[in-house]
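Just so you know, full-length UniProt numbering puts 232 at position 232 of the sequence shown, and the rest follows in order with no gaps.
Positions of the beta carbon are idealized from the N, C-alpha and C atoms, including for glycine.
Being a predicted model, the structure only gives us computed values, none of them experimental.
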Amino acid sequence: MKEVKPITTQIIAHRGASGVAPENTLAAFRRAVQEGADGIEFDVHLTKDGEIVICHDETVDRTSNGMGYIYQLTLEELKRLDFGSWFSPEYEGEKILTLGEFFEQFAEYDFLINIEIKNSPIFYDGIEQKIWEQLQIYGLQEKVLVSSFYHRSLQILSQIAPSISLGVLCGCGPLEPWSMISGFQARSLNPNRFFVDRELIEQCHQMGYQVFTWTVNNKAEIKQMIEWQVDGIITNYPALARSIRDELIN
Ligand code: G3P
Ligand code: MG
């Protein structure tokens, strides 16, 4: 008889609950908590004055009422911008968050914090060390998964902090994605959902890697990923993913 494994898939809110609130803001992160996400994913950059801030793009053009590259703006300049109104007037006044501000708000919660280092196309020299310092200040070394498409950043972090959990992001479709992991110890492969199937998940598990896939927003795909026993679904709609998982469990 085939062994039936328990469902352990984690639901990770992509840029917070970004389907229903402005991405990477406090509103989206609070909503993710309310919706029962098991974790939150967000993206980080460095400002002109060396602060770590949470934003997806390397510029503020799309998600604020300002313009310009983050690395050319100081934290004070960024804090004057509105990161909520572009999404809906009800979110007017949402401010960009620093990594430290995120930790202040959410360090106490028992969930996974997935920090994605955006180190391309803009290169942020020293961002890995700065992240590690923040993690130590808040005692969150064990609670995070740090991921990046820029694998050199993961290697640098592994040298600074050998025990930190690392997720290798891949957006294209290599035949053997695990072959991208070399030179450091990773916890997971974080592939685009387009090239995830049962076989890939099983192969990764056999090699000791977890699989966190993104961005899975569609009902049928969420169900499929859970049935394939993916370790984490990174989604804009954590409440939807929770309800599908609950249905499968009960
Ligand atoms: O970490 C998963 C996902 O966020 C990667 O893509 O572009 O949404 O940051 P992106
Ligand atoms: Mg991301």
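Counting along the chain, where does the alpha helix (DSSP H) carrying E142 start and finish? No alpha helix (DSSP H) holds E142; DSSP gives it neither H nor E.
Give me the pocket residues for ligand 2, defined as CB within less than 5 Å of any heavy atom, sorted by chain position. Qualifying residues come out as D43, E116.
With hydrogens ignored, establish whether the beta-carbon of N190 is closer than 7 Å to any heavy atom of ligand 1. N190: yes, Cβ under 7 Å from ligand 1.
Once DSSP output is grouped into helix, strand and coil, what is the label at D49? DSSP places D49 in coil when its eight states are reduced to three.
Residue range of the alpha helix (DSSP H) that includes P238: Note, P238: alpha helix (DSSP H), 238-249.
Which same chain residues, not among the five before or five after L81, have their C-beta less than 8 Å away from its C-beta? These residues qualify, in order along the chain: V60, S64, N65, G66, K95, I96.
Residues bridged to I127 (per DSSP): The partner list for I127 (beta bridge, DSSP) is empty, contrary to what the question assumes.
Taking the alpha carbon of P150 as the point to measure from, which residue in A32, I181, L140 has its own alpha carbon closest? In the sequence on display, residue 150 carries Tyr and not Pro. Minimum Cα-Cα distance from Y150 among the listed residues A32, I181, L140 corresponds to I181.
8 Å contact criterion, which G39 and L99 should meet: CB distance rounded: Not confirmed; about 16 Å, so no contact.
For ligand 1, any of its heavy atoms closer than 7 Å to the Cβ of L46? Checking every heavy atom of ligand 1 against the Cβ of L46, none is found closer than 7 Å.
Could you pull out every unbroken beta strand (DSSP E) segment of at least 3 residues lying fully inside the stretch 146-194, listed in chain order? With a minimum length of 3 residues, the continuous beta strand (DSSP E) runs that stay inside the stretch 146-194 are 165-170, 188-191.
Take every Cβ of the stretch 170-177, pair it with every Cβ of the stretch 218-228, and state whether three or more of those distances are shorter than 8 Å. Judged by Cβ distances under 8 Å, the stretch 170-177 makes no contact with the stretch 218-228, as fewer than three pairs qualify.
When we look at the beta-carbon of T74 and count the other beta-carbons within 10 Å, is it buried (16 or more) or exposed? Result: exposed.
How many Å lie between residue 254 and S243 at the Cα? Given a span of 1 to 250 for the chain in the structure shown, any question on residue 254 remains unanswerable.
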